[in-house]
Structure formats: C-alpha cells, structure tokens
Amino acid sequence: MLDIELIRKNPEKVKNALSRRDPSLVDTIDEVLDLDKHRRELIAKVENLRALRNKKSKEIGHLRREGKDTKASEEEVRKLKEDIENLEEELSQVKESLHNLLLRIPNLPHPSVPDGEDEEDNVEVRRWGQIKEFGFEPKPHWEIGEKLGILDFKAGATLAGSRFTVVKGLGARLERALINFMLDLHTSKGYQEVIPPHLVRPEILIGTGQLPKFQEDLYLCERDDLYLIPTAEVPLTNLFRDTILSEEDLPLYFTAYTPCYRREAGSHGKDVRGIIRQHQFNKVELVKIVHPDTSYEELEKLTTDAEEVLKLLGLPYRVVELCTGDLGFSASKTYDIEVWFPSQGRFREVSSCSNCEDFQARRMNTRFKDASGKKRFVHTLNGSGLAVGRVLAAILENYQREDGRVEIPEALRDYVKADIIG
RNA sequence: GGAGAGGUGGCCGAGUGGCCGAAGGCGGCCGCUUGCUAAGCGGCAGAGGGUUAACAGCCCUCCGAGGGUUCGAAUCCCUCCCUCUCCGCCA
C-alpha cells in the first residue's frame, strides 16, 4: 500500500511513477485525492460534534451530582447524537472506498527499473555457465521423465486433473534432495529455516498483496475462510505483522520449503506439457525483513544467494531485470533468474527476487524503532531459492544423455545416493 | 466437538456506569546521591488520527474485534475471534 501522505503531498511524483506501469493509474490517484479530501472534511465535522457531545455529557454528570434537572441537556445531546451518527455513516463509507482503492494500487517502481511493456523488454544483467552442446537432439523433460518412469502425468490427471503430476521413484528422491540441498545451503548463509502454515487467513494475503486484487489466482477453503498459500513468501513475510521490532533485530533472514498452490487462472494454453506450470509445486523461499537504508544491497545479496544454487548444480542461467510492465504488484524492483532449457532453446524463470520496500510493511503494519526512537516501516524482500520443480525439469534436460538416462549433478549425489537415473 | 476460565499500556496487574487513557509494580529514559557497580531519592514516558510550519497547542479515537443499551461504556447486553484448563477424538 502506498502512503496516503505521500500521495497527498507529492501527487505528481506518484502519478509519474505509476504511469510507468500503467497510465490509467493516474485517474485512480485523482480519485484517491478526492476521497481523501472528502474524508478529512468529514473527520473535522464529526470530531467537532463529538467534542461538543463529550462536553455536554460531562456537564450532565456534574449537574446530577448537584441535584439539578438535566432533561433539557439530555434532549440536546440526543439530537447531537443523531447528527453524529449520520456523519459517521458517511465517513465510514468514504474511508472504506478509499482503503479499497489504495489496496488495489501497485507499488511504485524504483527509478532504476527499465521502462517496458512485457517480458520482452526485460534487461539481461548477467549470464553464468556454459550452454552444453548435445551430440543429439535434446528431449523435453516430460519425455525424459515419462520414459524413466519418474514423472506420471496420467496419474496426476486422474487424481486431480490437468497441471497435477505424480513424481515417483528416483524422481521423487531427486526432488527431496533438491529441497534439502537448497535449505542446507541457505541456512549455512544465515537464513533461519521455518515451517509455516500452508493455509492462511485472508488478511495475511492482503498483507503481502495477493488480496484483494488477485483472488481468482488462489485456492480457498471456504468452510474455514482459509487460503492455500501460493508461495511461502506469504506466511514468512507476515511473521512480524502488527509488531514493532527494535533496530538491532534487523536484518531478519528466513528460508522455508513449502508446496505452493496456484489456480493459474488465465494461463490456459501456456506450458501445458511438462511440470513447468503446475497447480501445486514445491519451492524453497527466501525472505528478508530489513532496515530501509540497506534494502537494495540486501536485494543484490538475496539474488546472488539464489544464483548460488544454480552454480553449484552446474546449470547455465541468466539474470534479468524486470521492466515496469512485467513488475509484480508489490515489488519496487525485481530480478528474475532464468535457467537454460535445452529442449526449448531458451531460459525459463526459476526465481524472482524482489524488493517491496515498505509496500507490504505498511499493509502488515511491521515497523521498527530507530536509534532516535522513531517508528518506521521495515522493508521486505523475497525471492525463490529456488522453484524446485522447475529446477528438477532443468536437471532432466541439461543432464540427459543420448541413451535416455540422466546424470545426477555432483552436488546432489550425497543427497540422492545415486549418480544416475535409469 | 463438549464444559469452564480469561483477553486492559513493553510486561505483570487493579479497575462493575461519569472525577479513567486508565492505580500499583517491573522494565525504560533523564537527573541527584555515590571510589565503580548496586541500592536509594526526584522527575519523564502509551498508540493512531485531524488541525498545523511544527515531534508546540487544541481536538477525536483506542482497554481482543464488531454491533447494541445509555445524555455518558474498559465497566451492562449480543455476536465473533484468540489464549488457557479439563474431557472426547486423533497424525
């Protein structure tokens, strides 16, 4: 959520920044400004009346003790009360409209974010690794996995429908190995391992920005009004909602393995084969809660921490900086890490590392007390470290051999207790 | 799921209709005293919002959340949420 005071005091600055994402947001800001003005006018009126009512009521108390008649005063206050109630009703409606509007406005992009409309305009910042030359036509991971008997798409469809896959045997063990490998790496770098709930309340999703705008992307357990998490970012970032941390507590680093559940509404026809886009997938997440002055250094570090996984696995990748049009709702700046898929001849996203600045902190009410005792919002960051299923697919493709077998990357062999699948 | 107890400031805890934004204690901050420390003494200090040049003043709101009764609610009534204890069920 954007700071209403910032919008009020620097409307042009806010409009300029937001229009880099979407020019229509300029009108939304004007709407916000109108509502905010109306809101403050109503507050002034209501409060004046309340002050008067409080004064009169106190007088009644004094008069009573002196044994005087208070009928007239009581009638006067009763009338005041009606006026107050009417204005309060109007005020709460205005407040609600304003709040709902603010909750649907995305974060301001950082000045360094390149302009652009979609992923075509993202800017590559670096590459790592040597793309392997195969002496044969590299197969897609779904063919490799099916043939090895480790990916069962038919069983997944039978059990739960499309975009669900059953992983078996050494494939399942490889997936578990990847999770352990990633967690071990991150915890060795100071991230605290967490096992969070996989079901959360609506307000938790408002905190990180998935609600109210992206409801249709989420699975909802209606009887209990709980949502399945689309990423561990949601419970981890919300760990300190409604709290005031002390400056020495910062920075906080967390990592968690969780399944992620996404309805993938509106992505019909995209990546229909394989395990690139699933309704349920495993992910190891990195979350940082940091001092505002250091959040951009922390973003660089977070990104390299995620990259480290691919380096150790020997998977070629590149890092791109998202343009304004591709930036997520809550993010000010985002780096995507994309791993090489030989069968597709292109890089595919396995991580998205973002600095949300105080956008989520304001929604969650997570603050800290600085040296002078002033309360400030923290900055929050998150990044995949990494998307496990996609990395598994990348391993199948990059480590495939002509005979259909797949080598296990060196770094995973102790975990998998095997050096080849097939 | 059943029965009961409870949710008050950073923490503990008093407060059953006005003089309560809230006693007292602990912790915190600032002084004084004091070889140092500790103890002691005195003082300061809740949060959010409106107005404003202002972290000055004034005003409003907040005692788990939301409604209600009343001229007036931390206090009375209703609903919900959460925590704890016991029982049941259960990985």
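Numbering (the numbering used here) for the first sequence: 134 to 555.
Backbone N, C-alpha and C define an ideal beta-carbon position, used for all residues, glycine too.
Please read these numbers as outputs of a predicted model, since none were measured by experiment.
- Just so you know, the alpha carbons of GLU397 and ILE337 end up roughly 20 Å apart.
- Between the C-alpha atoms of ARG481 and LEU435 there is a straight-line separation of about 19 Å.
- Here ASP469 is bridged, per DSSP, to VAL453, SER485.
- In the structure shown, the three-state DSSP call for GLU349 is helix.
- Membership of GLU257 in the beta strand (DSSP E) is indicated by the continuous run 256-261.
- About 6 Å separates the CB atoms of LEU284 and TRP275; that is less than 8 Å, so the two are in contact.
- Within the same chain, and ignoring the five residues on either side of ARG259 in sequence, the residues whose Cβ sits closer than 6 Å to its Cβ are VAL452.
- In this structure, TYR352 places its C-beta atom within 8 Å of the C-beta atom of TYR394.
- Taken through DSSP and simplified to helix, strand or coil, ASP155 comes out as coil.
- When C-alpha distances from TYR324 are compared across PRO345, LEU529, LEU514, the shortest belongs to LEU514.
- Closest by C-alpha distance to HIS512, out of ASP536, LEU303, PRO384, CYS486, is PRO384.
- Annotated three-state conformation of ASP285 is strand, per DSSP.
- Residues ALA544, LEU545, TYR548 of the same chain have their beta carbon placed closer than 7 Å to that of PHE314, with the five preceding and five following residues left out of the count.
- Per DSSP, reduced to three states, the secondary structure at LYS421 is strand.
- In the assembly as shown, CYS354 is an exposed residue. Its beta-carbon has fewer than 16 other beta-carbons within 10 Å.
- Annotated three-state conformation of ASN149 is helix, per DSSP.
- ASN531 sits in a helix when the DSSP states are folded into three classes.
- In terms of Cβ geometry, ILE528 and ARG538 do not form a close pair [threshold 8 Å].
- In the structure shown, ILE362 adopts coil according to DSSP, grouped into three states.
- Counting only residues of its own chain and dropping the five nearest sequence neighbours on each side, ARG172 has a CB closer than 8 Å to the CB of LEU224, VAL227, LYS228, LEU231.
- If you draw a straight line from the Cα of TYR429 to the Cα of LYS178, it comes to about 43 Å.
- Taking the Cα positions, ILE277 is about 14 Å away from ARG523.
- ASN149 has its alpha-carbon roughly 21 Å from the corresponding atom of GLU252.
- With distances taken between CA atoms, PHE462 lies nearest to GLY340 out of VAL420, GLY340, HIS401, GLU535.
- Taking 8 Å as the cut-off, the beta carbon of PRO449 is found closer than this to the beta carbon of TRP261.
- In the same chain as ARG306, and ignoring 5 residues on each side of it, the C-beta atoms closer than 6 Å to its own belong to VAL549, in chain order.
- Fewer than three beta-carbon pairs drawn from the segment 369-378 and the segment 397-412 are found closer than 8 Å, and the two stretches are therefore not classed as touching.
- When the five nearest sequence neighbours on each side are left out, the beta carbons in the same chain lying within less than 6 Å of the beta carbon of ARG406 are those of TRP275, in order along the chain.
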